[in-house]
Amino acid sequence: MLNAETPRLKFALYGAHSSLGNALLCELLSRQHEAVTLVNDLNSMTVRPGLRAKTGDLFDAISVSQSVAGMDAVICLYDSPSLATASGGAAAGQPHELYQAVDALLSGLPKVGVERLVLVADLSAKRDDPGVAAALQRVAVNSLKWTVVDAEADGDDLSIEDFSVIDDLDPSDRRVQLRRIAAGIVDELETPQHLHEQIHFRI
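See below:
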């Protein structure tokens, strides 16, 4: 819950259509922040207090800047099964690369004065990919207030409602573990402790 010392913030989220994305939305809304999901289909998101949707293309810097204007921070869940693209290119058999997304984010955010970026990807599974190494190097030398989160991809089978009541669940339950990761990410956004660092979360 938001306390008197924590400002209400606006966050843009790429990758909302994932289990971790829904855990993040639940966590953000429970703390009374505002969330804007960036998606291909506006009808794919259920509007609720504090949550709205916009279209956008994660892999185009101009689209990124237009989509995230006015936000306090941007969260990108790169391994979401459905990322926002102008034409649904990835789904149409034209896979995008992490480097393209990073380039668009690092170019687009400064154009509209957004300084904070949290990039989440399953980096441990991609450690041998030279494109991923290049993307991380591109992030490392950038002056944005960035944090990279290494968290494993976890599908898209859980909804916001699945995370709303977890107090009585076993600590090993996926919903509890994903909500814990989401809480850690939001903690980092509210009170940054790992600027220009990579942190690791595991289920």
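In the UniProt record's numbering, the protein residues as written are 1 to 203.
Using N, Cα and C, we set each Cβ at its ideal position, and we do this for glycine too.
- Pairing Arg116 with Ala73, the inter-Cα distance amounts to about 5 Å.
- Boundaries of the alpha helix (DSSP H) harbouring Ala134: Pro130 to Ala140, taken from the DSSP string.
- Relative to Ala125, the option among Asp79, Cys26, Leu9 and Ser107 whose CA is nearest is Asp79.
- Apart from the 5 residues on each side of it in sequence, Val47 sits with its Cβ closer than 8 Å to the Cβ of Ala53 in its chain, given in chain order.
- For Ala121, the closest alpha carbon among the candidates Phe59, Asp154 and Lys145 is that of Asp154.
- For Gln100, the uninterrupted alpha helix (DSSP H) run begins and ends at Leu98 to Lys111, by DSSP.
- When Cβ pairs closer than 8 Å are counted between the two stretches, the region 98-113 is seen not to touch the region 33-46, the count staying below three.
- Counting other Cβ atoms within 10 Å of its Cβ, Leu195 stays below 16 and is therefore classed as exposed.
- Here the C-alpha atom of Leu178 lies approximately 7 Å from the C-alpha atom of Ile203.
- Per DSSP, Glu152 lies in no alpha helix (DSSP H) and is assigned neither H nor E.
- Straight across, the Cα-Cα distance linking Ser159 with Ala140 is about 33 Å.
- The Cβ-Cβ distance between Phe163 and Cys76 does not fall below 7 Å.
- For Ala12, the closest C-alpha among the options Val118, Gly131, Val149 and Val132 is that of Val118.
- In the assembly as shown, Glu161 is an exposed residue. Its beta-carbon has fewer than 16 other beta-carbons within 10 Å.
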